[in-house]
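Quick notes on the structure that follows.
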């Protein structure tokens, strides 16, 4: 039995990843503080509750990333000969499912409130001897919930793209949804203060739609990953085209008649097979080894690509 | 980023447009000011006491003070809890009082103010009893047949004597602190139950509930306590 060699990140990527882990901890800390602060001023506003629930669930992606970081660098073992890279996919799928369900719940709940024309009550509370409208505290809490994700989300996106961390990239999207949700919540609460009974539920509905959209697109992405879809660009969603690039590269080798490549994603790592049709069998083992090195050097994400020789690509297709 | 800017602009234009904030959905506060405050009453002494004339009790008095502040006349409407909460939902009355508490919860068709007073239940000992026991376990305690602390006392393994008139036999009795004080019992150190008192208001009337809340928050807790005690004494 043979297990895979552990995947080594290039030094600069390794550094980028360490920075990303630190950023994720900071992000997680801020989100925890937001959840705590909003809980204190929760009240009965629908939009407020929606924003809070989203913030609670937004704890999951960074947590999933941090936990998966802990496991994914475990070297391949006898029981797990392919390593643990796919743990990030599990994390990714879990957060996508939760996000989708939350979005659907919010849509249903606030639609019912709108249809029933239910009025939202935001009363007054006593604070340091003064009676103030709870709405102002909600607005203050929501304002706090808007600022950190607005700043951190942008940094996350840049850094996650550099080291190809999908969980963090989804989390950056979540940060964006977070601060937009916060603003929608503020508008909802202030609308209630204006005596517009529908403002609150409508804001919650919009938040729900946004959350559901994020959740479902992440879910699609996660399912694609698990079905071994060909690698796609994290930013544009289009196929990377790495396969064609490798084929062209290999076919330039004098001994190669034809080459066929297929790749899949395993978290940040790409793996797959290369089929080559050689002009002759002379020195084939050494040549295949040369081809493997060539492939490996093309992209830091490629890991343990198996290169094998076949008599023809067509017959292989059958 | 444009979305964010748009939100901020909308937000400030909304805010600058209003002097009285928050507002009611059904304009309750405006219709009370200088006019009539319709109040739903549920009989529940000493909070709301029915008489031949004007209602008595702690809560009608609190409401009367607020009406005076708002330059409004009070019209009292008596009824059952179900009747009054429905009337509230349909804006036939603007506030319902009757010793309402936070637990069990009020039905979802209405909302309530924040608690303005807390009733504490403890065990009172007749003053001829020299010393308190350390624990309630094994103590004989008299209580009315219907009492919110019955389960709690059972869980503390006290021996319960439900009776028509618990204060008649000279046993330790359980009850709200103000009642025990009115009957000159010595109070035990246990806090068995807290009941938080609220008033019911229609949902979405945020200006009205804020004004009511401000009035309730301004009440003197000691004065409410004293009032409750006096009403208990009168009741005897």
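Residue numbers (our numbering), protein chains in the order written: chain A, -10 to 307; chain Z, 7 to 242. C-beta atoms are modelled at their ideal positions from N, C-alpha and C, and glycine is treated no differently.
Exercise. Along the region 95 to 122 of chain A, what residues have a CB closer than 8 Å to any CB found in chain Z?
Worked result: 107, 108, 109, 110, 111, 112, 113, 114, 115, 120, 122
Exercise. Relative to chain A, which residues along the region 27 to 57 of chain Z have a C-beta separation below 7 Å, given in chain order?
Worked result: 27, 28, 29, 30, 31
For this session: In the DSSP assignment, find the unbroken beta strand (DSSP E) run with residue 326 of chain Z in it and report its ends.
Result: As displayed, chain Z neither begins before 7 nor continues past 242, which places residue 326 of chain Z out of reach and without an answer.
Exercise. Whose CA, out of A:163, A:269, A:125, A:-1, lies closest to the CA of residue 291 of chain A?
Worked result: One-based indexing of the first chain puts residue 291 of chain A at position 302. Per the Cα distances, A:-1.
Exercise. Counting Cβ pairs closer than 8 Å, one from the region 46 to 62 of chain Z and one from the region 100 to 108 of chain Z, do we hit at least three?
Worked result: yes
Exercise. Per DSSP, what kind of secondary structure is residue 127 of chain Z in: helix, strand or coil?
Worked result: Here the question's residue 127 of chain Z lines up with position 121 in the second chain. Residue 127 of chain Z: strand per DSSP, three-state reduction.
For this session: Would you check if the distance between the CB atom of residue 130 of chain A and the CB atom of residue 46 of chain A is smaller than 9 Å?
Result: What you label residue 130 of chain A is simply residue 141 of the first chain in a count that begins at 1. What you label residue 46 of chain A is simply residue 57 of the first chain in a count that begins at 1. Going by C-beta atoms, residue 130 of chain A is not nearer than 9 Å to residue 46 of chain A.
For this session: Thinking residue 19 of chain A and residue 137 of chain A are a contact (beta carbons under 8 Å), I'd like their distance in whole angstroms, please.
Result: Locating residue 19 of chain A in the first chain gives position 30, where the first residue counts as 1. Locating residue 137 of chain A in the first chain gives position 148, where the first residue counts as 1. Yes, residue 19 of chain A and residue 137 of chain A are in contact; Cβ-Cβ is about 4 Å, under 8 Å.
For this session: Kindly indicate which three-state DSSP category residue 307 of chain A falls into: helix, strand or coil?
Result: On the first chain, position 318 is the one that residue 307 of chain A refers to. Residue placement at residue 307 of chain A cannot be trusted, given a pLDDT of 42 that sits under 50; the coordinates are not used to answer.
Exercise. Between the region 157 to 183 of chain A and chain Z, which residues of the former have a C-beta closer than 9 Å to a C-beta of the latter?
Worked result: 168, 169, 172, 173, 175, 176, 179, 180, 181, 182, 183
Problem set entry | Assigned secondary structure, residue 50 of chain A (DSSP; H/G/I helix, E/B strand, else coil) | Here residue 50 of chain A refers to the residue found at position 61 when the first chain is read from its first residue. Residue 50 of chain A: helix per DSSP, three-state reduction.
Problem set entry | Cβ contact (3+ pairs, closer than 8 Å) linking the region 223 to 233 of chain A and the region 107 to 121 of chain A | no
Exercise. Counting along the chain, where does the beta strand (DSSP E) carrying residue 84 of chain Z start and finish?
Worked result: For the purposes of this step, residue 84 of chain Z is taken as the residue at position 78 of the second chain. Looking at the DSSP string, the run of the beta strand (DSSP E) that includes residue 84 of chain Z is 79 to 84.
Problem set entry | Residues near residue 214 of chain Z by beta carbon distance below 6 Å, same chain, minus five either side | Locating residue 214 of chain Z in the second chain gives position 208, where the first residue counts as 1. Result list for residue 214 of chain Z: 30, 34, 35, in chain order.
Problem set entry | Continuous alpha helix (DSSP H) stretch holding residue 202 of chain A: start and end | Locating residue 202 of chain A in the first chain gives position 213, counting from the first residue. That run of the alpha helix (DSSP H) goes 186 to 215.
For this session: Just the chain Z side, please: which residues come within less than 7 Å of residue 124 of chain A by C-beta, in chain order?
Result: Here residue 124 of chain A corresponds to residue number 135 of the first chain, with the count starting at 1. Those within 7 Å of residue 124 of chain A in chain Z are 28.
Exercise. Is residue 185 of chain A close to chain Z, meaning its C-beta is less than 9 Å from at least one C-beta of that chain?
Worked result: Position 196 of the first chain, counting from 1, holds the residue named residue 185 of chain A. Yes, residue 185 of chain A counts as interfacial toward chain Z.
For this session: Answer yes or no: does any C-beta atom of chain Z fall closer than 9 Å to that of residue 33 of chain A?
Result: Position 44 of the first chain, counted from the first residue, corresponds to residue 33 of chain A. For residue 33 of chain A, the answer is yes, since a Cβ of chain Z falls inside 9 Å of its Cβ.
Problem set entry | Three CB pairs or more closer than 8 Å across the region 209 to 227 of chain Z and the region 113 to 122 of chain A | yes
Exercise. If you compare alpha carbons, which of Z:239, Z:225, Z:238, Z:130 is closest to residue 124 of chain Z?
Worked result: The residue labelled residue 124 of chain Z in the question sits at position 118 within the second chain. Residue 124 of chain Z has its Cα closest to that of Z:225, out of Z:239, Z:225, Z:238, Z:130.
Exercise. Can you list the residues of chain A that residue 223 of chain Z reaches, using a CB-CB cut of under 7 Å?
Worked result: To locate residue 223 of chain Z, count along the second chain from 1; it is residue 217. 115, 120, listed in chain order.
Exercise. Where does the unbroken alpha helix (DSSP H) through residue -3 of chain A begin, and where does it stop?
Worked result: In the first chain, residue -3 of chain A corresponds to position 8, counting from 1. Per DSSP, residue -3 of chain A belongs to no alpha helix (DSSP H) and is neither H nor E.
Exercise. Does residue 103 of chain Z have its Cβ less than 9 Å from a Cβ in chain A?
Worked result: Looking up residue 103 of chain Z in the second chain gives position 97. False, the Cβ-Cβ gap to chain A never drops below 9 Å.
Exercise. Mind listing which residues of the region 204 to 237 of chain Z have their C-beta closer than 7 Å to chain A's C-betas, in chain order?
Worked result: 209, 210, 212, 215, 216, 219, 220, 223
For this session: Identify the continuous alpha helix (DSSP H) that holds residue 71 of chain Z and give its terminal residues.
Result: In the second chain, residue 71 of chain Z corresponds to position 65, counting from 1. Per DSSP, residue 71 of chain Z belongs to the alpha helix (DSSP H) from 64 to 75.
Exercise. In its own chain, which residues sit with a C-beta less than 7 Å from the C-beta of residue 40 of chain Z, not counting the 5 before and 5 after it?
Worked result: In the second chain, counting from the first residue as 1, residue 40 of chain Z sits at position 34. So the qualifying residues of the chain are 77, 78.
Problem set entry | residue 170 of chain A classed as buried or exposed, judged by whether at least 16 other C-beta atoms fall within 10 angstroms | Taking the first residue of the first chain as 1, we reach residue 170 of chain A at position 181. Buried is the call here.
Exercise. Of the choices A:263, A:43, A:104, whose alpha-carbon is the least far from that of residue 88 of chain A?
Worked result: As a first step, residue 88 of chain A is located in the first chain; it is residue number 99 there, counting from the start. The option with the nearest alpha carbon to residue 88 of chain A is A:43.
Problem set entry | Opposing strand residues paired with residue 117 of chain A [DSSP bridges] | In the first chain, counting from the first residue as 1, residue 117 of chain A sits at position 128. Per DSSP, none; premise fails for residue 117 of chain A.
Exercise. What do you get for residue 275 of chain A, buried or exposed, if any count of 16 or more other CB atoms within 10 angstroms of its CB means buried?
Worked result: In the first chain, residue 275 of chain A corresponds to position 286, counting from 1. Label assigned to residue 275 of chain A: exposed.
Exercise. When we look at the beta-carbon of residue 1 of chain A and count the other beta-carbons within 10 Å, is it buried (16 or more) or exposed?
Worked result: Here residue 1 of chain A is taken as the residue at index 12 of the first chain, counted from 1. Per the 10 Å Cβ criterion, exposed.
Exercise. Is residue 119 of chain Z closer than 9 Å to residue 54 of chain Z when the C-beta atoms are compared?
Worked result: Taking the second chain and counting its residues from 1, one reaches residue 54 of chain Z at position 48. Taking the second chain and counting its residues from 1, one reaches residue 119 of chain Z at position 113. No, Cβ-Cβ distance for residue 54 of chain Z and residue 119 of chain Z is not below 9 Å.
Exercise. Does the count of Cβ pairs from the region 54 to 61 of chain A and the region 72 to 88 of chain A closer than 8 Å reach three?
Worked result: yes
Problem set entry | Whole runs of the beta strand (DSSP E) within the region 221 to 288 of chain A, excluding any shorter than 3 residues | 245 to 255, 258 to 267
Exercise. Within the 9 Å Cβ cut-off, does residue 108 of chain Z reach chain A?
Worked result: Residue numbering aside, residue 108 of chain Z sits at position 102 when the second chain is read from its first letter. No - not a single Cβ of chain A is within 9 Å of the one on residue 108 of chain Z.
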